[in-house]
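Undergrad:
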Amino acid sequence: MNHIPRSTRRHTQQATTRALALGVAAVAAVSLSACTAEPTTGGGADPEDITIGFIVKTNANPFWVYMQEKAKEAADAHGVTLMTAAGEADGDNEGQVAAIENMMTSGVDAIIIDPNDSTAIVPTLEAAQERGIATFAVDTQTENNEGVLGTWATDNTKGGELLGQYMRAVFDEQHSGEEPRVALLDLQEGVTVGVQRRTGFLEGFGIELDGPEIVGQQYTNGDQSKAQAAMENMLQAAPDINVAYSINEPAGTGGAEAIASAGKADGILLGSIDGSCDGVAMVENGAFTATVMQFPGRMAEMSIEAAIEYLQTGTEPEMPESGFVDTGTELITNQAVEGVESQDTEWGADNCWGDTGE
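Letter by letter, the sequence shown follows residues -36 to -1, 1 to 322 in mature numbering (1 follows the signal peptide of the UniProt record, and there is no 0).
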């Protein structure tokens, strides 16, 4: 029976501890910064005079901890100051609004944000722009790309579709003659990233949200413990589940725990999205059928460089028609199928979250 490796649990615990420490540092950085000079935008700034605020959704997920680390590395490499903050949980718009307001008071020159609420955050970003602060987004687009000069993100619909296409192909190979019985470990109702990934997955798999194939859908906030409880509940209600989708790897890990505890690891295909080193290990171990790798390091580095370029030269970043720069996705699995491009776990371990920078 496939199970979740102890090393994965250990690494996740270490990442969570590191996340909490970084979250404390982020709060301190915002709250202790005194008011400084008015922000400088539109060209002419020297690196030593530039301060950039970097706000992620939450520090409870290693994905955003890693993104902040890469942003700090990029800022250090260019000799600029970085101030960090985060919402308390995935979906915490009020916490991000407070972080922006604190950064405005502190006199940052630019703000880069991964918005928890693509619509509700826009007025606060526009208020920052009125103060002369350049604003950018990573990982998640704002509504109609409003309130920002540019965005660097995963094409979440494409990532979900890639996972759905693959999972359907594997299902048809391994469950020939069976009807799919699909459980969805979703994010939150109406949240952009969750909607995009789920929509893509369903399109790729070839089913509808209200179709008979969907036997369970629960919102997890992308949280491991909530996802484990959700998966346990869905398995009790529908013991014949044979496919599970998870919004991210923490949710996927919780789902995998529940599946393994129920003794169903060999009968349920579980796919996820993130592509962390721990997630790749879950694929290697067999707890995940596949994961779609994102590249948060690219998002951080490209957005920091664009902010500096704008502050020094006044040049706004060029955006494609989509309104955002797609930082890429790769499907990671050791069960390749014809017609769906993928990489194996050896490649995944070497490139998780873009560690090579390639």
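Ideal placement from N, C-alpha and C gives every residue a C-beta, glycine not left out.
Which class does glycine 43 belong to by DSSP, given the choice of helix, strand or coil?
TA: For this step, residue 43 is matched to residue 79 along the sequence shown. It is coil, neither helix nor strand.
Undergrad: Grouping DSSP H, G and I as helix and E and B as strand, with all else coil, what is isoleucine 268?
TA: Numbered from 1 along the sequence shown, position 304 holds the residue referred to as residue 268. Correct three-state label for isoleucine 268: helix.
Undergrad: Do the stretch 5 to 15 and the stretch 259 to 278 meet, that is, are 3 or more Cβ pairs less than 8 angstroms apart?
TA: yes
Undergrad: What's the call for serine 286, buried or exposed, on a 16-neighbour Cβ count within 10 Å?
TA: Residue 286 sits at position 322 when you count from the first residue of the sequence shown. By the 10 Å Cβ count, serine 286 comes out exposed.
Undergrad: Should asparagine 108 be labelled buried (16 or more other beta-carbon atoms within 10 Å of its own) or exposed?
TA: For this step, residue 108 is matched to residue 144 along the sequence shown. By the 10 Å Cβ count, asparagine 108 comes out exposed.
Undergrad: For alanine -16, which residues from the same chain have a beta carbon less than 8 angstroms from its beta carbon, with the 5 sequence-adjacent residues on both sides left out?
TA: Along the sequence shown, read from residue 1 onward, the residue named residue -16 stands at position 21. At alanine -16, the pLDDT of 41 sits below 50, so the modelled position is not reliable; the number obtained from the coordinates is stated separately. Excluding positions up to five away in sequence, the list is empty.
Undergrad: From the DSSP output, in three-state form, read off phenylalanine 169 for me.
TA: Here residue 169 is taken as the residue at index 205 of the sequence shown, counted from 1. In this structure, phenylalanine 169 counts as helix in the three-state DSSP scheme.
Undergrad: Quick one: residues in its chain with C-beta nearer than 7 angstroms to the C-beta of alanine 35, no 5 flanking neighbours on either side, listed in chain order?
TA: Position 71 of the sequence shown, counted from the first residue, corresponds to residue 35. Result list for alanine 35: Phe18, Leu46, Ala264 and Ile268, in chain order.
Undergrad: Between the alpha carbons of alanine 222 and glutamine 192, how many angstroms are there, rounded?
TA: Translated into positions along the sequence shown, residue 222 becomes position 258. Translated into positions along the sequence shown, residue 192 becomes position 228. Whole-angstrom Cα-Cα distance: 5 angstroms.
Undergrad: With a threshold of 16 other CB atoms inside 10 Å of the CB of alanine -9, please say whether the residue is buried or exposed.
TA: Residue -9 sits at position 28 when you count from the first residue of the sequence shown. Note on alanine -9: pLDDT 37, under 50, position unreliable in the model; no value is reported.
Undergrad: Alpha carbon to alpha carbon, how far is methionine 257 from glycine 128? Give it in angstroms, no decimals.
TA: Residue 128 sits at position 164 when you count from the first residue of the sequence shown. Residue 257 sits at position 293 when you count from the first residue of the sequence shown. When rounded, the distance between both Cα atoms is 14 angstroms.
Undergrad: Going straight from the alpha carbon of isoleucine 237 to that of glutamate 248, what length do you get?
TA: Position 273 of the sequence shown, counted from the start, is the residue given in the question as residue 237. Position 284 of the sequence shown, counted from the start, is the residue given in the question as residue 248. The alpha-carbon atoms of isoleucine 237 and glutamate 248 are separated by roughly 15 angstroms.
Undergrad: To the nearest angstrom, how far is it from the Cα of leucine 234 to the Cα of threonine 253?
TA: Taking the first residue of the sequence shown as position 1, residue 234 is located at position 270. Taking the first residue of the sequence shown as position 1, residue 253 is located at position 289. If I take the Cα positions, the gap works out to 5 angstroms.
Undergrad: Report the start-end ranges of each alpha helix (DSSP H) in the stretch 148 to 218 that is 4 residues or longer and not cut off at the edges.
TA: 156 to 169 and 188 to 201
Undergrad: By DSSP, does phenylalanine 259 sit in helix, in strand, or in coil?
TA: The residue labelled residue 259 in the question sits at position 295 within the sequence shown. Collapsing the DSSP output to three states places phenylalanine 259 in coil.
Undergrad: So what does glutamine 307 bridge to, in DSSP terms?
TA: The count along the sequence shown starts at 1 and reaches residue 307 at position 343. DSSP lists Ile296 as partners of glutamine 307.
Undergrad: Terminal residues of the continuous beta strand (DSSP E) containing aspartate 238?
TA: In the sequence shown, counting from the first residue as 1, residue 238 sits at position 274. First-last of the beta strand (DSSP E) with aspartate 238: 233 to 238.
Undergrad: Round the Cβ separation of leucine 126 and tyrosine 209 to the nearest angstrom and send it over; I've been treating them as touching at under 8 angstroms.
TA: For this step, residue 126 is matched to residue 162 along the sequence shown. For this step, residue 209 is matched to residue 245 along the sequence shown. With 8 angstroms as the limit, leucine 126 and tyrosine 209 do not qualify as a contact, their Cβ atoms being about 12 angstroms apart.
Undergrad: Entirely within the stretch 85 to 115 and at least 4 residues each: give me those alpha helix (DSSP H) ranges in chain order.
TA: 86 to 94
Undergrad: From which residue to which residue does the alpha helix (DSSP H) around threonine 15 run?
TA: As a first step, residue 15 is located in the sequence shown; it is residue number 51 there, counting from the start. Counting along the chain, threonine 15 falls outside any alpha helix (DSSP H), though it belongs to the beta strand (DSSP E) covering 15 to 20.
Undergrad: In this structure, how does DSSP classify threonine 48 when only helix, strand and coil are distinguished?
TA: Taking the first residue of the sequence shown as 1, we reach residue 48 at position 84. In the structure shown, threonine 48 sits in a strand (DSSP, three-state: E or B).
Undergrad: Just curious, the beta strand (DSSP E) that alanine 133 is in, first and last residue?
TA: Here residue 133 refers to the residue found at position 169 of the sequence shown. Note, alanine 133: premise wrong, no beta strand (DSSP E); alpha helix (DSSP H) at 120 to 138.
Undergrad: Consult DSSP for alanine 229 and reduce its assignment to one of helix, strand or coil.
TA: By one-based count along the sequence shown, residue 229 stands at place 265. Reduced to three states, the DSSP call for alanine 229 is coil.
Undergrad: Contact between the stretch 140 to 158 and the stretch 51 to 60 is defined here as three or more beta-carbon pairs at a separation below 8 angstroms; is this criterion met?
TA: yes
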